[in-house]
Structure formats: structure tokens, C-alpha cells
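Before any comments, here is the structure.
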Amino acid sequence: MSAAAPAVAAPNRRAGAGGTARRAAEAALFLGLGLYFAVPMIAVLLYSLATRWTAEVLPEAYTLTWWQSTLADPEILAAFQTTLVLATLTAAVDVALVVPAAYWARVRNPRIRPLVETSAAIPFALPYLVIGFALLQFSGIVAPGLQGTFPLVVLGHCAIAFPFVYWAVDGSMAAAGIERLSEAGETCGAPPWQIIRRIVFPNITPGIVSGSLLAFATSFGEFALTQMVGRGIYTIPIWSASAIRSYSGESGDFNRLAVVTMISFFVLFVLSAIVVYFNRGQAARLLPGAATVDKREQP
Amino acid sequence: MSGVTLERVTKTFSQVHALDDVSLEIVSGELVALLGPSGCGKTTLLRSVAGLEEPTSGRILIGGRDVTGVPTRERPIGMVFQSYALFPNLTVRQNISFPLEVRHRPPAEIRERVAELLEIVRLGPQADRYPHQISGGQAQRCALGRALAPSPEVLLLDEPLSALDALVRTRLRDEIRRIQQLVKTTAIYVTHDQSEAMAIADRVAVMNHGRVEQVAAPPALYEEPATEFAATFVGSRNALELPIADGRIGLGAAFSIAAPAASRERAIAFFRPEDVQVAVGSMGHPAVVEMKIFLGPTTRLHLATAVGDRTARLHADMPSRAAAHLEEGSVVAVRVDPQHVRAFPVDA
Amino acid sequence: MGATASAGSTPIVRESRPTRPSRSSGWIAAWLPAIPLLALVALGLVGPAIVLVAQTFVDAGGFTVAQWTRVLGQAVNQEAIVTSVALGLCSATISLIIGAPVAALVSRMLAGGRAFWLGLLNVAANFGGIGLAFAYLATLGSVGMLTLIIQSLLPSFVPPRSSSVIALLLAYEYTNIPLFVLLTIPAFGVLRDEWWEAAQTASATRVQFWRRVGIPVLTPFLASGWLLIFTWAIGIYGIAYGLAGQSGGTGARIITLQIGSAIQSDVLNGTARAGVLSVVLMAIATVSLLSYRALLRRALRWF
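Structure representation (C-alpha cells):
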């Protein structure tokens, strides 16, 4: 982190009259940005804690009832469990599939790379809803028995989340110079599995961690595809959707939804914090392809 | 005990000959530098010895044994990479012990050997630092230690100094030579820097377009380049294209030598700036001093002279004290000892 | 020392011929590690896409464009396509106008602050779907917090109907602006401080520098970010689904909602409508992606 500091600090050295005005504008912009992020979150948080809230600027009274009842609701707990299992599986399967392919593309068969990159562009560009619908139609022809089953949902989630894993893992392989390191390992006399275990894995850990967290987050929040192919699979987004749709003005519906939203948001927040930490303050989602510019600045 | 022999090695990348029928014999304990411009095939040759590239045809022998097709990790080699390629997750000590660990040497032996190597490459104080915590020169010494750890029969060095700054470069170059002499290993050293090659190698192999143009000890290469490419690439030389008259080429009263056999109308004559004798008077070929560049002990003169109806430019080096009285624009007479002129036919 | 150690150590050359399996030979060895991933792509993405496109051109009687003419002839579908594209254009443009200056500022921050804002932006960029729809309702819904605050100052204030296009646009921006910022921060890193210094030594003014160097270098990057936001905005489903929930079908008509409702409620024609509209989205996405690639190549041509 600190290594990057002098370079970015440089433009701020110019002080003076223009500097103060600019500083004020910056402060205003960031204040606005902060409020923009914070207000909806505060609103959701207050909803999760409010007894009644219809007329005043702030709720009339606060309670933990909604949190207690939500966390005791077996339906919601089951949905959380399903979501977590699904997201974990998605991340694990994607890592298991992507790492060997990305490694092989770098050390042995460069023709793998354009194929994988083109594949990664599909979920990058196509709406997940369309992918979900396509998968629904496809499974109807190929394996009707799979429709509405958990494995099909896992397949769909893996298919849309793998690009994040690929970009992260491939990026860290490039940063580590994994081809050279593998060759150095070979010239040291190390057998392939030693190279993988002692050289490759330790040096691409950041990529694997952030890639799998991004895949986890993608799966955790995915609604469109799950709704399309997983009729009967009850995840948190699916539960939330039915809660928001069935809102009848009854007190309680929205409050419990607020609790669930806060929890999801918290999960997302923790994941993002870890990803940013592992990327050492670099943006986690780069313009794919523009990343090459970043790399050129480093040597 | 462990020389390297390349027999008619050819490597083709999508129809381009990176190595074109290369044969080379490197004797045990010798340090041979592969010298040439980028893309000449020197790195491909080195990587073929390492087994990182598989030759399209030909054989490679190490210590008399055919290793063509043998996986890298089973070859008796150690390699130092241009970019160091130290394992960033291992300390200096762990990097050096890595080749021993993967060979399952007993721990006591590993400890002893690593301590010995840390001593040799002078990295004792940095032994427990990680690669990102040490300087470039230290990193390359660590890479050298790692390559030498398993006592390889052949040490391969791929432009090991090119990522370092000038001062460190000369120091480390001499250090590599010292260590290579100390451990008496055969070594192949790839570089594009001719002075580095001359300084470090027992013999230099000049490569161009995938072929070995000349293999010679540095003084012989310097004095007697065998090909036009070797003449241009090694050392700084004047190159004058001259017409052939009566089977001879010459520059007025400066010199006259027999034209090379294969040439018909023109030939290129090469000679070094330090072999050009400059005098005031008429004993030689007239030339005009265009520019004077003071280089400390010597001064380089940029001279313009007439070759037939054209103007040719050449450089002459002379002791600075002798050059002191020469002005830019003054006319001098140049001569070159014909012994020091080498001529090659002009490519058709 | 060297000789003895090496003799005792490495079993160097075995009798057996090449254990190195490939480089030149061995199709299987060259591809095997990638096959599971490619299988996932084939089964999860490519196969389905082919089937989806094919089905829109096939009915009981064989090849036909009847589904296309019928679906594209319906006013509701035409309206959905127009609305979606307009929504995408507006969303991307707003993201560009607000996001570009933010990206410029964040890209020049010190590491600590930078990491903080990146984390925040990352959360907001990944926050979407039903959760965001609910957060919008809690903020600007009929009894949302911001609505109540504004009404306490300005009693006549009525928030946009939550299923309207305006509401969708506002909700989309919550995630699209941060996304745009994250996408373009690396591009601002491309602008070197030395360039501005060099321009100053060449007596250029700040305006001249931006006009001649800064903007030409940045434009393709910003344009490709814009294009991505446009593409993704058209494909958003979860937020729209959540916001449209209470409208009873009278809200904004956009392609994704039409696809969703076609499958869920229209048993007779649903698949055909959803199919054609999906392929329309696919076509838009494909054109966008190809343009994006071209733009990015242009952006990188000087590097």
C-alpha cells in the first residue's frame, strides 16, 4: 500500500488559493457520496428496528422484536442455509475448475486462453435472466429431470460466477509471473505436484481468495437465474422477492425484510472488505482488458 | 566430466528457425557466453539445454549422456533467470534449500549445504528475508545460490545482469565468474552485451539468426572476427564499403589489402578506431576532423574522407595529449596497418 | 565439492524415454486441465444460448419467423424494448456524468482513503436485486425515510411511484454509479503526473492539456465504461421485479419484466414471447460487447 502513496500524493502538493476551493469541492462531493451510500442503509436499519413508522421523520419507537422473530423464523433460517450452501458450492466448484485451466493456459497450452476469455465474456455481457431462461429451455431438452433441482441451480450459478474467479486468479498468476516460477521450479528439480503445492498455490492465494469471494457474493445475491431454473429452491433473494411482492400493508412484513436485507448487506460488506484488503487497495472489479494497462506500469 | 554437446540442434517456431542446425561443444568447467542481438536464438538455445524447450531436431548431451527429451527436473542443471524468478513466498534461505528439499536430501545435509551457499553468494545477513525485501543484486545472488544448490553439472544463466544497474552489474559479473571458478561447474551464459561476454567467458559464441557465427576466446574474437556479423557486433569498428580494383581494395594512401575471395565489385573493410593512425602532413590519406570527443585518456575523432567521388566517415581514437593540438576542421592524414583490416564480401 | 555432491544426489537420466508428456505431442495432455471448465461453459452457457436462439426460429412446422413477427408486432413488446433502451441510455449517461469525476478523485487518493472508498464503492456496486429494491422503498417509497424528511419540509412532496421508470432509474443509479467508478478508476491511473508536468514545461495551460492529451486518452475508457453500464442496465431484473411488485402490472414496461411475467403468467404464449425478447436482449448485449472490445482496443492502442 505504502509503495503507491508517493505517486498518488504528488498532485496534492500544489496548494494555494485554487487548492482550497478544489479541496472544498472534493469534500462536498465525498460528503454527498457518503450520504448517498448511507441514507438507504440507515432507512433499512431503522425499518428493522422500528415499531411503527408511517408519519414522522424517525420511527416512533424502537424494538429488537423483528430481529428476534426473523432469526427464529425457520423459513428464513432455511433460506439462509440454502443460500450459504449454494454460494459456498459455487465458489468452491468455480475455483476447482478455473485454477487448473488458467494455470495450464499459462504454462503449457496458450490456446486455452482465448477460449476461456471468450467464454467469460458471455455472462459478463448477457443478463443473468436471459442465461437463466436459456438454461431452463436447454435443460428441458437435455435433462428434464434436472429442472427445479439444486444441481441445476448450482450449474447456473457456477456458469455466471466463473469469470470473476478467472479474472482474479489469472490476474494473480500474471502478477506472480507464474510461468517463470514454474520453470524455475522445474530447473530446481521439483516434481509437478511440488511445484503446484509449494510454488503455485502460495503465490496465487490472493487471487483465489478474492475470486472465490466474488463468486460467493454473486451467487449469494443472485435472484433472476435462481427464479428461472430453481422453482422450489428457496434462497434469501427468492424469499425477499416474495416478501416484497406480498406486502399488504401489514405491520411486520417490511420489518422482517429489513432485517434480512441488513444481514445480506452485512455479509456483502464483509466480503468486499476482504476483497479490497487482498487487492491492497486496488479496485476489485476492473474493466476487463484495461487491467493490462495497470500491469504495464508496474515493472 | 560434464561438458555440454549440441548436435545439429534445430528449433522451429511456426516455420521460423529460432535455432538453425546449431552444433556446439562446451568442455567441462568452461564458461561459454552466447552473445547476440535479441531474437538471435541464444535464449532458445539455453532453454533447450534446460529442457524448457524441446528441439525440433538434433541432440543435446550433458556429460556425454543424451538428455534430449528428458524432463527439466531430471536434468543435472541449475538455472538463473533474467527476472530472478525467486519464489516470493519463500525466504532467501528457503529459496536456496528448495532444490535440495525437493530431492529429499537429509535435513542435516541441507542445512550444511545452504549455509555453505549463503557463504559463497555472501547472503548470510539476508538469509531470512523475503525476495521483496532485498535488492536486485542480492536477489540475483540468491538465484545463483539456488541454481548451484544441488551442485548441477551445468549452470545456465539467462541474461542474469540485464535487470540491474550499471555499477551492480560489473560487480556481480565478476562475482559470478569468481563463483563459477570456485565451484568449477560448466556454465552457459546468455547476454547481448559484448563487453560482459568478453569479460566473463572462456569462449564466446556469437549468434545471429539462429546460427552460431563464431566461437572463440575473447581476444581472438576481438582481433579476428570470422564473419561480417561478428565484426560489426563485437567491439566498435569502422566499416567502409570499398570498390575492388585489380583484386585489391584500399583507401588511398591509408591502406591497401587483397580483396576477399568471394567478392566481385565491392567489399566491406573493417578496422578499429584505435588502429587508425592520425598525423599532420602528407603521409597517408587526407581527412577532415569533423568533431572531437574527449573520452579521458583517449580522444575520438570523427573524420570525413573521400572514397572515390563519395564522402565516407570514420572514427579514430588517439591519446588525448596527442589530439590536443588538432582543431575541428583541420586536415589530417590517416593510415591503417593492413594487418588490422579485415574485409568481407558485400552481400549480393 | 561440486562433483561428489552431484554424483551422490540426482538420479539424473532414467532409461525410459521422455516422461515430458507434451509441448508438441498429446492432445489430451494439452487440454485436459481445461476440459472441466470448458464443459461447464458448454453446458451452462453455450448450449443453452444455442437452444434459446434456435427455439425462436422453430415451431411444429420447422423453420419459421412467425414468432418474431408476432412478438415484435405487439405494442407492449415494442414499448418494452424502447423503454429498456431509453432506461439504459439514461442510466449510463448519469453514471458517466457523476461517476467520472468521482473516479478521478478516488484514483488520486492516498492508499488508506482509497481503500476505504473502494470498499464502499464495491459494496454499493454489488448491492442489487431485491435488497436494493427494498432499500429504495424504505428511502423514497410512499412512507420512505427520505420521503418523510422531505415532506416535513415540503408537505406537498410526492415521491415518484415506485414502479415508474423514474423510480427504476433512481434505484439503478445506486449501484450503477459505483460500478462505473470502479470500472474507470484504472483508466485514470493511466494518466501520468509526468504528462501534466511535461505539458507545463511545454507552456501548456491546464485546459490545453486536457483538450490535447487528457480527454483523448481517457475518452475510449470512459466510453467503454458507459457502454458496459448501458448493457447491464438493460439486463437488470431483480431491482425492477422488487419495485414493480406492488404496481399490479401497471408500472414501467421493460424487457426483463416482460420476460419474467411471460414465463410466470402467460402459459399459452409465454415461452415464445420470453424467447424472442431474450434473444433481443442477447443481440443488444452482443453488439454492445463487440463495440466494447473495439473501444477498449482503441483505448489501449497507445499503451
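Chains as they are written, first to last, in numbering that gives the first Met the number 0: chain A, 0 to 298; chain B, 0 to 347; chain C, 0 to 302.
In this text, a Cβ means the ideal position worked out from N, Cα and C, and glycines have one as well.
The Cβ neighbour count for residue 310 of chain B, taken over all protein chains shown within 10 Å, is under 16; the residue is labelled exposed. In terms of beta-carbon proximity, residue 210 of chain A stays away from the interface with chain C, with every pair separated by 8 Å or more. The beta carbon of residue 92 of chain B sits closer than 8 Å to the beta carbons of 113, 117, 126 and 127 from its chain, once the five residues preceding and following it are set aside; these are given in chain order. The straight-line gap separating the alpha-carbon atoms of residue 52 of chain A and residue 59 of chain A is approximately 6 Å. Pairing residue 50 of chain A with residue 215 of chain A gives a Cβ-Cβ distance that is not under 8 Å. Rounded to the nearest angstrom, the Cβ distance from residue 84 of chain B to residue 85 of chain A is 40 Å, too far for a contact under 8 Å. In this structure, A:96 is the residue among A:92, A:96, A:227 and A:148 with its C-alpha nearest to the C-alpha of residue 115 of chain A. Between residue 337 of chain B and residue 262 of chain B, the CB-CB gap reaches or exceeds 8 Å. Under the Cβ criterion of 8 Å, residue 254 of chain A is not counted among the residues facing chain C.
A straight-line Cα-Cα distance of about 58 Å links residue 19 of chain B and residue 267 of chain A. Rounded to the nearest angstrom, the Cβ distance from residue 32 of chain B to residue 196 of chain B is 4 Å, consistent with a contact under 8 Å. Under the Cβ criterion (8 Å, minimum of three pairs), the segment 169-180 of chain A does not count as touching the segment 53-62 of chain B. Beta-bridge pairing by DSSP links residue 188 of chain B to B:32 and B:156. Nearest neighbour of residue 129 of chain B by Cα position, chosen from B:86, B:231 and B:164, turns out to be B:86. If you check the CB distance, residue 1 of chain B and residue 222 of chain B do not come in under 8 Å. Residue 162 of chain C and residue 251 of chain C have their alpha carbons spaced roughly 6 Å apart. Straight-line spacing of the CA atoms in residue 157 of chain B and residue 124 of chain B works out to 26 Å.
Excluding the 5 residues flanking it on each side, residue 98 of chain C has same chain C-beta neighbours closer than 6 Å at 176, 179 and 180, in chain order.
Going by C-alpha positions, residue 277 of chain C is about 8 Å away from residue 132 of chain A. C-alpha of residue 265 of chain A to C-alpha of residue 106 of chain C: approximately 26 Å in a straight line. Bridge pairing for residue 76 of chain C: absent [DSSP].
Beta-bridge partners of residue 290 of chain B (DSSP): B:301.
In this structure, DSSP gives residue 268 of chain A a helical state, which the three-state scheme calls helix.
For chain B, the residues of the segment 193-219 of chain A that bring a beta carbon within less than 8 Å of one of its beta carbons are 193, 197, 198, 201 and 202, in chain order.
Using a CB distance cut-off of 8 Å, residue 13 of chain B does not count as an interface residue toward chain A.
Of the other Cβ atoms in all chains shown, 16 or more fall within 10 Å of the Cβ of residue 197 of chain A; this residue is therefore buried.
Here DSSP, grouped into helix, strand and coil, assigns residue 126 of chain A to coil. Taking 8 Å as the cut-off, the Cβ atoms of residue 159 of chain B and residue 48 of chain B do not count as close.
For residue 104 of chain C, the residues of chain A that pass the 7 Å Cβ criterion are 25 and 28, in the order they occur in the chain. Per DSSP, reduced to three states, the secondary structure at residue 231 of chain A is coil, with no helix or strand assignment. Interface annotation, residue 87 of chain B: in contact with chain A, CB-CB separation under 8 Å. Here DSSP, grouped into helix, strand and coil, assigns residue 232 of chain B to helix.
Annotation: the continuous alpha helix (DSSP H) that includes residue 99 of chain A extends over 73-106. For residue 158 of chain C, the nearest beta carbon of chain A is not closer than 8 Å to its own beta carbon.
Beta-bridge partners assigned by DSSP to residue 240 of chain B: B:267.
Note: residue 207 of chain B is bridge-paired with B:210 in the DSSP secondary-structure output.
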